[in-house]
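Data first, discussion second: the structure below is written as structure tokens.
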Amino acid sequence: MLRWLLNRRTMAALATLVVAVVLMTLTARERQRVTVVENWLLDALAPVTRAAHQVAAVVDGARQQIAELARLREENQRLRQELERYRQQQAVMERGYRSYSRIRALLALKEREPGAVAAANVIGRDPDRWLEEVLLDVGTADGVAVDMVVIEPRGVVGRITRTTRFTATVLLLTDPQSGVGVLVSRSGDAGVAVGDPARSGTLEVRFFNRDADVKVGDRVVTSGYGGLFPPNLDVGEVIELRYDETGLVLEAVVQPFVDFDRLFEVLVVQPVQRSWELR
1 MLRWLLNRRT MAALATLVVA VVLMTLTARE RQRVTVVENW LLDALAPVTR
51 AAHQVAAVVD GARQQIAELA RLREENQRLR QELERYRQQQ AVMERGYRSY
101 SRIRALLALK EREPGAVAAA NVIGRDPDRW LEEVLLDVGT ADGVAVDMVV
151 IEPRGVVGRI TRTTRFTATV LLLTDPQSGV GVLVSRSGDA GVAVGDPARS
201 GTLEVRFFNR DADVKVGDRV VTSGYGGLFP PNLDVGEVIE LRYDETGLVL
251 EAVVQPFVDF DRLFEVLVVQ PVQRSWELR
């Protein structure tokens, strides 16, 4: 109880003192001189006044900093969203440019290829036969038939094995059951290329001549022998040389020029007639 009374008295004294100072400050404006008591009180309360001003300044500065931080946070979020929109727009533009470049290259190939039948889009592939078959959006209604050859600007893709009215299935060059006559463009040595069962996505070329002149880095093209595939179509590059298990047959591992993981647009062309069909 005594502590409560002392606290009340202390608060009352302070309140009285503050009121007195305020009154003296207001009345001092109407008087030319300040009394001794007023001077004493003003001097005594000067540290308190300065401290109060400093605290107010700190509080106001902190408030302004908090407001500025909030504004910067909002601005940062806005800039992040804007940057993400720009990135998305850039990605769309890059995809559009790549598509435009592919289509332009395909149209140029179509103009150069006298046996062109139809340009087509790759619309599907079997996940279990990713490097073996693809599905095109053209069929018999577009003049496409079985055994027609499929190419793209980088080289040979494969041949048509099945058709419907509006679709066609392509057996890719990388299928071990596929086969195409090839030759080394530098030396002219010939062989047969099939999908390499030991290295997915590559070709295995078996040369007719055990002493064939072939080197790593040589360019391999279609020979035109055996029909179907026209001659001088790009196939790939030799990346390895080896002999078969008998040691009698020279083999080359060839990396196709076509990226079979990224097939989008292709060109269907007429096959070369087999020699026995010309009779």
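The opening residue of the sequence shown carries number 1 in our numbering; numbering runs sequentially from there. For glycine and all other residues, C-beta sits at the position ideal for the given N, C-alpha and C.
| query | result |
| --- | --- |
| Sequence-distant residues of the same chain with beta carbon closer than 6 angstroms to G124, five excluded per side | L135 |
| Assumed close pair R154, V269 - CB separation to whole angstroms, cut-off 8 angstroms | Contact doesn't hold; Cβ gap of about 15 angstroms is too wide. |
| F166 burial status per 10 Å Cβ neighbour count (16 or more: buried) | exposed |
| As assigned by DSSP and simplified to three states, the class of A190 | strand |
| The segment 217-233 / the segment 137-154 touching (three or more Cβ pairs under 8 angstroms) | yes |
| With 16 other Cβ atoms within 10 Å as the buried cut-off, status of R73 | exposed |
| Per DSSP, cross-strand counterpart(s) of T163 | A168 |
| Unbroken beta strand (DSSP E) run spanning R242, endpoints | 234-243 |
| V184 vs L173 beta-carbon contact at 9 angstroms | no |
| Distance CB(N121)-CB(F264) smaller than 9 angstroms | yes |
| Q255 in three-state terms, based on DSSP | strand |
| Stretch pair the segment 233-247 + the segment 76-91: three plus CB contacts closer than 8 angstroms | no |
| Where the beta strand (DSSP E) through A141 begins and ends | Where A141 is concerned, there is no enclosing beta strand (DSSP E), given that its DSSP letter is neither H nor E. |
| Through-space distance from R129 to S200, alpha-carbon basis | 11 angstroms |
| Rounded C-alpha distance that separates T222 from G139 | 25 angstroms |
| Start and end residues, beta strand (DSSP E) containing R206 | 203-207 |
| Three-state secondary structure assigned by DSSP to R219 | strand |
| Cβ-based neighbour list, T164, same chain, cut-off 8 angstroms, excluding 5 preceding and 5 following | G139, T140 |
| Host beta strand (DSSP E) of A212 (start-end) | Where A212 is concerned, there is no enclosing beta strand (DSSP E), given that its DSSP letter is neither H nor E. |
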